[in-house]
Every structure is written in structure tokens, then in C-alpha cells.
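A quick write-up on the structure given underneath.
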Amino acid sequence: LNLVARDEEIARQLEVELQAEVERERQREEQASMDYIANLYNEVQSRIDNDHELAVRWTHEEQDKYTVDERAKLLAEYFERRKKQLAEERVEQELITDFVPIGFEEDERMIRDMNKKAKEESSDKGVDSTKKRKEGSRMKRMSKRQKTDVDLEEEEKLKTFLKIDPDEEGVIDYEVLDKRFLIINWESKFYHYDRHGVEGIYYRIFRSDGSSRWIKTFSEMVIRFDRLDLLELYNLVMQRFESTTPEGV
Numbered sequence: 001l002n003l004v005a006r007d008e009e010i011a012r013q014l015e016v017e018l019q020a021e022v023e024r025e026r027q028r029e030e031q032a033s034m035d036y037i038a039n040l041y042n043e044v045q046s047r048i049d050n051d052h053e054l055a056v057r058w059t060h061e062e063q064d065k066y067t068v069d070e071r072a073k074l075l076a077e078y079f080e081r082r083k084k085q086l087a088e089e090r091v092e093q094e095l096i097t098d099f100v101p102i103g104f105e106e107d108e109r110m111i112r113d114m115n116k117k118a119k120e121e122s123s124d125k126g127v128d129s130t131k132k133r134k135e136g137s138r139m140k141r142m143s144k145r146q147k148t149d150v151d152l153e154e155e156e157k158l159k160t161f162l163k164i165d166p167d168e169e170g171v172i173d174y175e176v177l178d179k180r181f182l183i184i185n186w187e188s189k190f191y192h193y194d195r196h197g198v199e200g201i202y203y204r205i206f207r208s209d210g211s212s213r214w215i216k217t218f219s220e221m222v223i224r225f226d227r228l229d230l231l232e233l234y235n236l237v238m239q240r241f242e243s244t245t246p247e248g249v
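Take the sequence shown: its position 52, counted from the start at 1, is 52 in the UniProt record's numbering, and no numbers get skipped.
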């Protein structure tokens, strides 16, 4: 009996020691797992912080690059616009410098020949001489007065001679027939304010066939008109200035 009791006691002690060892092993494994998880968390967090710092740095670099690109683009656009503006001003200045007012014998002879040719064509068409004189008188009166308005009836009549042709900027341009008619009158009209607040003035040029054309700039006028047109327009402008002097009022 004593031997059996001692064996049982030894067995209980072994079981207690075994359980204690198992518990210690479990705690070691649990601590190792916790340490691994903590280290893994720290490593992941460190990577996140590094990635965030890199992302922030890249963002700033991209923003700086975008700003530089935008500035370069705006500067290039400005120089391009300025280059075109200077080119237009240079062309206008050259045209003004090369323009010769009426008064030379060659110019007067060309105008006389043109008027003679127009009269011959009118005669070939069977135009009555009395009607031509009345037409000439009416055109002369029109050239001496400044138009301020056009009634609906005359506007409809003019439209039959005109063809509407919008250009690239959306501005309506009037393209008359190829046959040349004398310029008999002109008028200026305010159109709109541009984005810089500058007034846009259009000039309307009237011809003897009842047609008219809107001109925006002097360079456009020189391109669209021939030498005789410019001479006729110069005469009309000088007549307008002479008729509006204080002595003539």
C-alpha cells in the first residue's frame, strides 16, 4: 500500500510539473507572438511614414513643376501675342509710310481713266445720260454729308448687293461683287469693348453701286483695297475734315 501511495504521489507531482512546463511554453510562445506582431507593426508603420513622406515630397515637386510649366506656357503665349502685335504694327507703319496721297499726275490719270471706263460701260448698257447726271449729282451729295443712320428700306436694298461671310473670329464681313465701283462715302461706328476695355471702332465704306463693307483695322483696309480705293478714300476723309472745321461751321 505504501508503494502504491508513493507512486501515485510521484505521478501527481510529475503531472503538476508537466502542466507547469506546458504553461511556461505557452506563455513564451504568446510573448514571442506579441513581440513579432509589435515588431511587424512598427515596421509597417515605418514604411507607411516613409511612403507618406515620399508622397508629400513628390506632390510638392509635381506642384512646383506644374507651376513652372504653367509660367513657361503663359510666358510663351505672351511673347507670341507680342510678336504678332509688333508684326502688325510694323506692317501698318510700312503701309502708312509707303502711302502716297492724291496729287500726282500718274494717280490723277489713273482715276480719270477709271472714270472714263465706267462711263463707257454705262453707255454700252444703254443708261440714259440724264439719269447718269442725276445719279452723279446724288452721289456727289452723298459724299458731302455724313451718314448717321440707314432706314429699313435702304438697308434691304443694300443687302441685295452684299454677301455675308463670317471670318475665323466670328466677325461678319461683307464681300462685294468683283466689279469695281467708286468709293463715295464712309462712316465710323462703335462696335463693342474688348476684354481690355478698349473701344472697338468699325468703319463702313460705301461704293457707288449701293454696296458697303465693314472694315475693322487699317491693315485690313490696305489688304482689301487697291491703290485707287485708298486714293478715293483719302479724298473723302480730307473733304470730311475740311467741312467740319470751325470756319466751315
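All C-beta atoms, glycine included, are put in the ideal place defined by N, C-alpha and C. Note that the structure is predicted; figures quoted are calculated from it, not measured.
ask   = With DSSP run on the structure shown, which of helix, strand or coil describes S188?
value = strand
Beta-carbon proximity check, R224 vs W214, cutoff 8 Å = no
task = Express the C-alpha separation of E23 and R47 in angstroms, rounding to a whole number.
result = 36 Å
ask   = With DSSP run on the structure shown, which of helix, strand or coil describes S211?
value = coil
message = Per the DSSP calculation, Y202 is bridged to which residue(s)?
response = K189
request  = Assuming F181 and S212 form a contact by the criterion Cβ under 8 Å, report the distance between their Cβ atoms to the nearest whole angstrom.
outcome  = Not a contact, Cβ separation roughly 11 Å.
task = With a threshold of 16 other CB atoms inside 10 Å of the CB of F206, please say whether the residue is buried or exposed.
result = buried
request  = Thinking D113 and I183 are a contact (beta carbons under 8 Å), I'd like their distance in whole angstroms, please.
outcome  = Contact flag wrong, Cβ pair sits at about 17 Å.
query = What whole-angstrom Cβ distance do L231 and N185 have, given they're in contact under 8 Å?
reply = The Cβ separation is near 15 Å, so there is no contact.
task = Go through its chain and collect everything with a Cβ distance to I201's Cβ below 8 Å, but skip five positions before and after it.
result = S188, K189, F190, Y191
Beta-ladder partner(s) of I183, from DSSP = R207
ask   = Do you know offhand how far R12's Cα is from Q31's?
value = 28 Å
message = Distance check for K117 and K73, CA to CA, integer angstroms please.
response = 56 Å
key: Three-state secondary structure (DSSP) of H52   = helix
ask   = Do you know offhand how far residue 305's Cα is from D51's?
value = There is no way to answer for residue 305, as the model of the chain reaches only from 1 to 249.
task = Note down the Cα distance separating E9 from E21, rounded to an integer number of angstroms.
result = 18 Å
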